[in-house]
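Chemist:
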DNA sequence: CCAATTTATTACCGATCGGTCAAATATACA
DNA sequence: TGTATATTTGACCGATCGGTAATAAATTGG
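Chains as they are written, first to last, in our numbering: chain Y, 1135 to 1333; chain Z, 1135 to 1333.
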């Protein structure tokens, strides 16, 4: 009945959960990059044979797109919640940025930034996905900044979308920078410092 | 006599200039990445056969390191000069950051940031090279900021090295972000905005 | 039990990967 | 004119690349 029904009633049943596979694929692409990951890597990460991977997800590129989409959805879910914990917009902004910073340091970077750097210039599909994600996050931040300004928690005179652009660039920079440092003490304060310069 | 003499007096003379080759190699790695670049790519970019490349520079990895070093030296030379054009430290800082931003937008990113993201986590040699370059640039910025603070051009109360860290992260973010946008209007102002928030 | 259907598994494909080697070529020196 | 030395060139190497196809296995519905 349903065209996107996962379980067809007939035929041999799948022996894997799609999300578990996507997660393993995502992690592999995340820390090895697209060109740095072979089908063999993906097979040993998922436990599946490549025939199964192709039948279920298509070729390497489609599989990558699926895993990138999965990453975007998951990471946004995990992080966005922390922007609704407090009453004050500034506290929410701070909480959100702290959450992102912590995740970024722990996960040694961000798959979106990795893909942006490696693939966006030569891959239109990746570029579009990242573009959309970027625009959404930018709006999210702009809104928070706008409200913080209205409530006087941000005193600096500058358009909210330009301040949001500063945060977006800084976040991207954070994701890139953490890949080079085992000691992340210095960079953990960067977002705080930016915010406090707006007070 | 000289151990690093380029031209041995005996034997068939080279038909290429080392720097021209390094520049072509650098550009190829710069916009395709390490894993995304094949020996064939390097041959067609340089006009050399791979035998010649190996004999002159060693294997792919050594060749990459050479080209990354070349990039670091050249880009630093090109950019550092703009920090000595004016009398005021702040004007010099602004001029430097504008220069870097312009180069970054025009060149569609920065090879160091590309390599940081793609390779640093899995390549100790690359990581060390980037570490050194990072530390030097950080000191360079810290010094400018310190002087700007002493002259009252920067009024924000924060340690110079922490402000420098903010700039470093922002610059890395800029290099990553430009890879996703054909219209670079928005991000061209980011460094200005950061600086002006310190005034 | 018997089709029909879907997945799992494996063997296999041509192309390309990074890297090596030997022969040909071009120079300096004796 | 040789001889030694260094570079150029192209053939060649095994390994791995992404991707395909045929077959075996497991399920549902009749």
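Beta carbons: idealized from backbone N, C-alpha and C, even for Gly.
Here the structure is a predicted model, which means the values were calculated and not measured.
1) Helix or strand or just coil, what does DSSP make of residue 1218 (chain Z)?
2) Flag residue 1292 (chain Z) as yes if its beta-carbon sits less than 8 Å from any beta-carbon of chain Y, otherwise no.
3) Which residues, taken in chain order from the segment 1313–1332 of chain Z, show a beta carbon closer than 7 Å to some beta carbon of chain Y?
4) Taking 8 Å as the cut-off, decide whether the C-beta atoms of residue 1328 (chain Y) and residue 1300 (chain Z) are in contact.
5) Going along the chain, which residues of the segment 1241–1255 of chain Z sit with their C-beta nearer than 8 Å to a C-beta in chain Y?
6) Helix, strand or coil: how does DSSP classify residue 1147 (chain Y) here?
7) Do you know how far the Cα of residue 1326 (chain Z) is from the Cα of residue 1138 (chain Y)?
8) Can you check whether the CB of residue 1314 (chain Y) is closer than 8 Å to the CB of residue 1268 (chain Z)?
9) Residues in the same chain with beta-carbon distance under 8 Å from residue 1322 (chain Z), minus the five sequence neighbours each way, listed in chain order, please.
10) Within 8 Å (strictly less), CB to CB, does residue 1299 (chain Z) reach chain Y?
11) So with Cβ pairs under 8 Å, would you call residue 1310 (chain Y) a contact of chain Z?
12) Could you check how far apart the C-beta atoms of residue 1276 (chain Y) and residue 1298 (chain Y) are, in whole angstroms? I think they sit under 8 Å.
13) When you compare the segment 1186–1199 of chain Z with the segment 1219–1233 of chain Z, are there three or more beta-carbon pairs, one atom per stretch, that lie closer than 8 Å?
14) Kindly give me the distance between the Cβ atoms of residue 1241 (chain Y) and residue 1303 (chain Z), rounded to whole angstroms, as I take these residues to be in contact under 8 Å.
15) I want to verify the contact list: residues of chain Z whose CB lies under 7 Å from the CB of residue 1304 (chain Y), in sequence order.
16) Exposed or buried, what is residue 1145 (chain Y) when buried is set at 16 or more other beta-carbons lying within 10 Å of its beta-carbon?
17) For the alpha helix (DSSP H) containing residue 1320 (chain Z), name the first residue and the last one.
18) By Cβ distance below 6 Å, which residues in the same chain neighbour residue 1136 (chain Y) in space, the five residues on each side in sequence not counted?
19) I'd like the list of long-range same chain contacts for residue 1140 (chain Y), defined as Cβ closer than 8 Å, with 5 residues on each side in sequence excluded.
20) Note down, one range per segment and in chain order, each alpha helix (DSSP H) of at least 4 residues found wholly within the segment 1161–1217 of chain Z.
21) Pick out whichever of Z:1274, Z:1290, Z:1159, Z:1320 has its Cα sitting closest to the Cα of residue 1201 (chain Z).
22) Kindly list, in the order they appear in chain Y, the residues whose Cβ is closer than 7 Å to that of residue 1167 (chain Z).
Modeler: According to the data block:
1) Here DSSP, grouped into helix, strand and coil, assigns residue 1218 (chain Z) to coil.
2) Yes, its Cβ sits closer than 8 Å to a Cβ of chain Y.
3) 1313, 1314, 1320, 1321, 1323, 1324, 1327, 1328, 1331, 1332
4) yes
5) 1242, 1243, 1247, 1248, 1250, 1251, 1252, 1254, 1255
6) coil
7) Because the pLDDT at residue 1138 (chain Y) is just 40, under 50, the model does not fix this residue reliably, and the value given afterwards should be weighed accordingly. Answer to the nearest angstrom: the Cα atoms are 49 Å apart.
8) Cβ atoms of residue 1268 (chain Z) and residue 1314 (chain Y): closer than 8 Å.
9) Taking C-beta separations shorter than 8 Å and ignoring five residues to either side along the sequence, the partners of residue 1322 (chain Z) in its chain run 1235, 1239, following chain order.
10) yes
11) Taking Cβ atoms only, chain Z reaches closer than 8 Å to residue 1310 (chain Y), which makes this a yes.
12) 4 Å
13) Touching, no, given that fewer than three Cβ pairs across the two stretches are closer than 8 Å.
14) That belief does not hold up - the Cβ atoms of residue 1241 (chain Y) and residue 1303 (chain Z) are roughly 17 Å apart, past 8 Å.
15) Those are 1303, 1304, 1307, listed as they occur along chain Z.
16) Exposed: under 16 other Cβ atoms inside 10 Å.
17) 1319–1322
18) For residue 1136 (chain Y), the pLDDT reaches just 34, beneath the cut-off of 50, and the residue's location in the model is therefore unreliable, although a value from the coordinates is still provided. Counting only Cβ-Cβ distances below 6 Å, and skipping sequence neighbours, we find nothing.
19) Because the pLDDT at residue 1140 (chain Y) is just 47, under 50, the model does not fix this residue reliably, and the point stays unresolved.
20) 1173–1180, 1184–1191, 1194–1214
21) For residue 1201 (chain Z), the closest alpha carbon among the candidates Z:1274, Z:1290, Z:1159, Z:1320 is that of Z:1159.
22) 1169, 1252
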